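In the numbering used here, the protein residues as written are 86 to 399.
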Amino acid sequence: MHPGINHPIIYDDRVVMVVGISGDPAAISRYAELAVLTAELLVRQAIEMRETNWRQRLRDTLFCQYLEQGATPAGQEALHRLLELGFDFDTPRVPIVVTVQVEQHQLSDILSTLLREFSQLSGVSDVILLGSHEILILNALSEAQETLLRGIEFVLSNQISHYHIGIGVQADSAPDIREAIRFARSVIEVGSKVQPQRQIYYFREMAMLCLFRVLEDSYMVNFFINNVRQLLEHDSGEVLLDTLSSFIANNAEPGKTSLLLGIHRNTLTYRLQQIKKHIQLDPMVFTDLTQLAVSVHCYRRLNPRQSEWIDSLS
């Protein structure tokens, strides 16, 4: 047996390890004390970090469950547990959803780095992992949004090159936050298709396009498409459709539309009257024009063609 000191490291009333140091106990006592103290700190740090990570992952799981389940019993149970964990839904915040494209072998390391660095940004109140390629950032509105977005972009650009950021709307309750996150997700889905060159999309700027995207999956879509098909049944249908598209693209301003088409204003008026005659929708009436705009959008989705007014919305 070699002389030395054996010192148990105790955490939460349990021996988690024993530090053994060889040598004359009297000579090494000062060094042994420092070694034991260092070991205790490292063990405590490791255990607390593990517990913090476990609590964080539990919170992420519960949050995702609430997002998916909402008002169902399972969703409300998840919400109740989140509140017990101290999650704050009442402070006004704007959800920011970040989607990333990362190779599978790099995914774990990059996600860990992003989660850590996002949480350290000024103005961030919560960072939640929504999926293997999706992160939610909730800001506390204490920092200017553009400043926070620059920080998020800086963190992302240091790790990856392919990402998208969706900005929801301000929310101050659990149902509102859930809805605002759906908005942020939907604007990424729509924005990445209509403006793939951009990386940041604001729901408020693209809400109409998001609404059209929902409409495309609706049972009502054929009704709107048929408005255009009915117009195209007439000999001058293509001309009338082009005129209508230009009229919408120019905010229903007759002067600008006539100039763009190179026609007299009286000719434009005649064509708009023909549209009204053929499909009983008047381009000069706001509610009818809205219907016509939706109809043109839905038709163009099935029959793609350059559509200036859709570009002008995005």
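From the three backbone atoms N, C-alpha and C, an ideal C-beta is built for every residue, glycine too.
Predicted model, so just to flag it, every value in this text is computed and none were measured.
Item to complete: Determine the closest residue to residue 237 out of 190, 185 and 277, with distance taken between C-alpha atoms.
Response: To locate residue 237, count along the sequence shown from 1; it is residue 152. Comparing Cα positions, the closest option is 185.
Worksheet item: Helix, strand or coil: which one does DSSP assign to residue 145?
Response: As a first step, residue 145 is located in the sequence shown; it is residue number 60 there, counting from the start. Residue 145 falls in the helix class under three-state DSSP.
Worksheet item: How long is the line joining the alpha carbons of residue 175 and residue 166, rounded to whole angstroms?
Response: Residue numbering aside, residue 175 sits at position 90 when the sequence shown is read from its first letter. Residue numbering aside, residue 166 sits at position 81 when the sequence shown is read from its first letter. Going by the C-alpha atoms only, they are around 16 Å apart.
Item to complete: Sort out for me which residues DSSP pairs residue 180 with in a bridge.
Response: Stepping through the sequence shown from its first residue, residue 180 is reached at position 95. Per DSSP, 223.
Worksheet entry | Where residue 100 falls, given that 16 or more other Cβ within 10 Å makes a residue buried | Taking the sequence shown and counting its residues from 1, the one referred to as residue 100 is at position 15. Residue 100 comes out exposed.
Discussion item. Taking 8 Å as the limit between beta carbons, can you name the residues of its chain near residue 350, skipping five residues before and five after?
Written reply: Reading the sequence shown from its first residue, position 265 is the one you call residue 350. Within the same chain, residue 350 has close Cβ partners 339, 340 and 343.
Worksheet item: Quick one: what's got a C-beta closer than 8 Å to residue 248's C-beta in the same chain, skipping five residues either side?
Response: On the sequence shown, position 163 is the one that residue 248 refers to. Same-chain partners within the cutoff: 183, 184, 185, 186, 241 and 284.
Worksheet item: Are the Cβ atoms of residue 326 and residue 313 separated by less than 8 Å?
Response: Within the sequence shown, residue 326 is the residue found at index 241, counting from 1. Within the sequence shown, residue 313 is the residue found at index 228, counting from 1. Yes, Cβ-Cβ distance for residue 326 and residue 313 is below 8 Å.
Fill in: Beta-carbon gap between residue 252 and residue 288 smaller than 8 Å
Position 167 of the sequence shown, counted from the start, is the residue given in the question as residue 252. Position 203 of the sequence shown, counted from the start, is the residue given in the question as residue 288. Against a cut-off of 8 Å, the Cβ pair of residue 288 and residue 252 comes out as a contact.
Item to complete: Return the chain-ordered list of same chain residues with a C-beta closer than 6 Å to the C-beta of residue 264, the five sequence neighbours on each side being excluded.
Response: Walking along the sequence shown from the start, residue 264 turns up at place 179. Within the same chain, residue 264 has no close Cβ partners at all.
Discussion item. Taking the alpha carbon of residue 383 as the reference point, which residue from 270, 300 and 223 has its own alpha carbon closest?
Written reply: Position 298 of the sequence shown, counted from the first residue, corresponds to residue 383. Closest by alpha carbon: 300.
Item to complete: State whether the stretch 315–333 contacts the stretch 349–369, with contact taken as three or more CB pairs (one from each stretch) at a distance under 8 Å.
Response: yes
Fill in: Residue burial classification, residue 271 (beta-carbon count within 10 angstroms, cutoff 16)
To locate residue 271, count along the sequence shown from 1; it is residue 186. Buried is the call here.
Item to complete: From the DSSP output, in three-state form, read off residue 160 for me.
Response: What you label residue 160 is simply residue 75 of the sequence shown in a count that begins at 1. Note: residue 160 maps to helix in three-state DSSP.
Item to complete: Let me know the secondary structure DSSP gives residue 302 once reduced to three states.
Response: As a working note, residue 302 is residue 217 in the sequence shown. Residue 302 falls in the coil class under three-state DSSP.
Worksheet item: From residue 397 to residue 348, what distance separates their C-alpha atoms?
Response: Translated into the one-based positions of the sequence shown, residue 397 becomes position 312. Translated into the one-based positions of the sequence shown, residue 348 becomes position 263. Only weak support is given to the placement of residue 397: the predicted model assigns it a pLDDT of 48, under 50, and the value that follows is read from those uncertain coordinates. Using only the alpha carbons, I get a separation of about 22 Å.
Discussion item. From the DSSP secondary-structure annotation, give me the bridge partner or partners of residue 251.
Written reply: On the sequence shown, residue 251 is found 166 positions in, with the first residue counted as 1. Residue 251 pairs with 182 and 286.
Worksheet entry | C-alpha gap between residue 204 and residue 255, whole angstroms | As a first step, residue 204 must be located in the sequence shown, where it is residue number 119. As a first step, residue 255 must be located in the sequence shown, where it is residue number 170. So the two alpha carbons sit approximately 19 Å from each other.
Worksheet item: Is residue 235 buried or exposed, if buried means 16 or more other CB atoms sit within 10 Å of its CB?
Response: Counted from its first residue, the sequence shown places residue 235 at position 150. When all chains shown are included, residue 235 counts as exposed.
Worksheet item: Can you tell which of 275, 200 and 388 has its C-alpha closest to the C-alpha of residue 221?
Response: To locate residue 221, count along the sequence shown from 1; it is residue 136. Closest option to residue 221, Cα to Cα, is 200.
Discussion item. For residue 359 and residue 298, I'd like the C-alpha separation in whole angstroms.
Written reply: One-based indexing of the sequence shown puts residue 359 at position 274. One-based indexing of the sequence shown puts residue 298 at position 213. One C-alpha to the other measures close to 29 Å.
Item to complete: Could you please give me the residues that DSSP links to residue 211 through a beta bridge?
Response: Position 126 of the sequence shown, counting from 1, holds the residue named residue 211. Beta-bridge pairing links residue 211 to 223.
Item to complete: Mind checking which residues open and close the alpha helix (DSSP H) that includes residue 187?
Response: Taking the first residue of the sequence shown as position 1, residue 187 is located at position 102. That residue, residue 187, is in no alpha helix (DSSP H); it is neither H nor E in DSSP.
Item to complete: Alpha carbon to alpha carbon, how far is residue 218 from residue 282? Give it in angstroms, no decimals.
Response: In the sequence shown, residue 282 corresponds to position 197, counting from 1. In the sequence shown, residue 218 corresponds to position 133, counting from 1. For residue 282 and residue 218, the distance between alpha carbons rounds to 20 Å.
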